[in-house]
Structure formats: structure tokens, C-alpha cells
Amino acid sequence: FEIEEVGQQSGGEVSADWVQMDLPESSSADNTVLVALAKNTSLAPRIDTLSRGGLKLRGGCPNSVAFFHAYSTTAKLEPGEVTLLMHVGTENTDIAIQQDGKLLFARNVSGGGRLFTDAIMQQFGSGYDRAEKMKAQKADVTPKSTAKYDDSLSEKVSNAVLGVTGQFVSMVHSSVMFCKAQTKMKELDVDRVVLAGGGANLTGFRDYLETNLGMPVVT
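If you use this note's numbering, the sequence shown corresponds to residues 71 to 289, in order.
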């Protein structure tokens with residue numbers, strides 16, 4: 071029903087799948103289902119690119135779920151540790167929460183590294199390419215108490231992007247809230263955040279999250 075409803079709301083055909091989550095028995099007597107949806111208008115160009123390269127598509131996987139699989143099969147998992155995985159792409163941020171190698175929650179959130187670029191473009195009235203260069207060379211979102219800027223331009227650029235950096239803290243908080251509500255794991259606490267993606271390379275980003283979330287953040 072949800073797949074059909076979202077498909078109608080999106081104004082076009084969607085590809086979808088679902089799976090029943092393997093949650094701790096103590097969490098809820100209800101069944102929790104993870105639903106994955108993607109607009110066919112977004113999938114079709116990617117499928118065409120693969121076809122032109124002589125490759126055949128067997129299936130697709132949401133980035134958040136793919137990140138979870140990569141982490142759970144390659145990282146050293148600490149027993150009982152709840153880890154929030156956060157992949158910051160250009161346009162979107164993908165989040166997954168895992169415990170003991172089991173996926174508890176996954177979502178895609180609009181907004182990625184482009185948020186920083188847009189903030190610089192707006193502040194300085196510059197084009198995209200120049201703003202991207204300024205972000206890479208001048209932006210630093212290290213908490214103000216420990217930040218050291220190379221020059222006045224670096225400080226101005228950093229102040230411009232600091233205004234949107236808090237949105238990623240909100241993404242973490244809202245994801246944990248949604249996870250607790252959907253899994254009925256009301257006592258769930260995240261122990262650590264694992265960062266990935268090009269958007270997470272912003273200078274000081276890890277320190278900013280660690281300070282504002284009050285938990286370890288690693289890359």
C-alpha cells in the first residue's frame with residue numbers, strides 16, 4: 071500500500087522492494103519493514119549508461135543499505151555498539167544505524183556537500199566553480215573555540231558555511247528519533263558515528279559533529 075501511495079504522489083512510476091527487518095526480539099511484537107523506493111526517471115539514465123558499457127543490471131541497492139553492508143562486512147564490530155553510518159554525498163546524505171551487524175534503520179535525506187557550496191555562492195555572489203574552490207581551500211567548520219583561520223577570507227568563508235553545518239547535526243538527531251519510533255527501541259543510544267562521502271571531507275566537519283553530538287565521530 072505504501073509503495074503504491076508514494077508512487078502516486080511522486081507523479082511517475084517507481085521501482086520498489088521491501089524486506090522484514092531482523093530486530094532484537096525485545097524491541098516490539100510488531101513486524102518492522104524496510105521499504106526502498108526510487109523514481110524510474112532517475113534509474114533509467116543509470117541503467118542506460120550500464121547498457122552502453124556492455125553491462126547488465128541485476129539489481130539496485132539504496133546507498134544507505136550499501137554503506138551498511140560495506141561496513142558490517144569489513145569493519146571490526148564492537149559487541150552491542152550502536153553505530154550511525156553517515157554518507158555525505160553531493161546532493162543527498164544517506165544514513166544507516168546498525169548494531170551487532172544488523173541493520174536497524176536506513177534513510178536518504180535531501181542535502182549534502184552542495185549545501186556548503188550554495189552557502190558560499192549566496193554569501194559571495196560567486197559562481198559554482200569558484201565556490202567549490204573556496205570551499206576546498208578556505209572553509210573550516212572546526213568549532214569556534216579551537217578554530218584557527220589562515221586569513222580573513224578563510225574566516226569569512228567558514229562563517230558562511232557554519233550556518234548550514236548544523237543541518238547535519240539535525241539529520242543525526244532526527245534519524246535516531248525515527249529509528250526509535252519505528253523499531254520501538256525507545257532506549258536506543260548511538261555510541262559512535264562513522265562518516266564517509268566526499269561531502270564529509272570539509273575541514274573541521276568531523277570535529278564539529280563530535281562537539282555538537284557529544285559522541286565519537288570517525289572517518
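Cβ atoms here follow ideal geometry from the backbone N, Cα and C, with glycine treated the same way.
Looking at the unbroken alpha helix (DSSP H) that takes in residue 186, where does it start and where does it end?
Unbroken alpha helix (DSSP H) run through residue 186: 184 to 194.
Nearest to residue 79 by CA position, among 204, 103 and 107, is which residue?
It is 107 whose Cα lies nearest to the Cα of residue 79.
If we count the other Cβ atoms within 10 Å of its Cβ and call it buried at 16 or more, is residue 126 buried or exposed?
Residue 126 comes out exposed.
Going by the CB atoms, is the gap between residue 273 and residue 210 shorter than 7 Å?
Yes, they are a contact pair.
Tell me whether residue 87, by its Cβ, gets closer than 6 Å to a heavy atom of the ligand NAD.
The ligand NAD is absent from the structure shown, which contains no ligands of any kind.
Stretch-stretch touch, CB-based, cutoff 8 Å, three pairs: the region 147 to 167 with the region 110 to 129
Output reads no: the region 110 to 129 does not touch the region 147 to 167.
Enumerate in chain order the residues of its own chain whose CB-to-CB distance from residue 167 is below 6 Å, with the five nearest sequence positions on each side excluded.
Within the same chain, residue 167 has close Cβ partners 154, 174, 175 and 249.
Flag this pair as yes or no: are the beta carbons of residue 293 and residue 104 separated by less than 7 Å?
Nothing about residue 293 can be reported from this structure: the residues present for the chain run from 71 to 289 only.
Closest residue to residue 256 among 247, 93 and 177 (Cα-Cα distance)
The residue with the shortest Cα to Cα distance from residue 256 is 247.
So what does DSSP say about residue 119, is it helix, strand or coil?
In the three-state DSSP reduction, residue 119 falls in the helix class (H, G or I).
DSSP puts residue 108 in a beta bridge; with which residues?
Answer by DSSP bridge pairing, in chain order: 85.
Close Cβ partners of residue 288 (< 8 Å) along its chain, the five nearest in sequence each way excluded
Correct list, in chain order: 262, 263, 264, 265 and 276.
Per-residue burial, residue 240 [other beta carbons within 10 Å of its own, 16 or more giving buried]
Residue environment analysis places residue 240 among the exposed positions, since fewer than 16 neighbouring C-beta atoms fall within 10 angstroms of its C-beta.
Classify residue 189: buried if its beta carbon has 16 or more other beta carbons within 10 angstroms, exposed otherwise.
Burial call: buried.
By the three-class DSSP mapping on this structure, what secondary structure does residue 215 have?
Residue state for residue 215 is assigned as coil, using DSSP reduced to three classes.
Can you grab the Cα-Cα spacing for the pair residue 132 / residue 180, in whole Å?
Near 14 Å, if we compare the C-alpha coordinates of residue 180 and residue 132.
Could you pull out every residue in the same chain whose Cβ sits closer than 7 Å to the Cβ of residue 213, ignoring the five residues on either side in sequence?
Within the same chain, 277, 278 and 281 come within 7 Å of residue 213 by CB-CB distance, once the 5 residues on both sides are set aside.
For residue 139, count neighbouring C-beta atoms within 10 Å of its own C-beta (all shown protein chains included) and say buried if the count is 16 or more, exposed if not.
Around the CB of residue 139, fewer than 16 other CB atoms lie within 10 Å, so the residue is classed as exposed.
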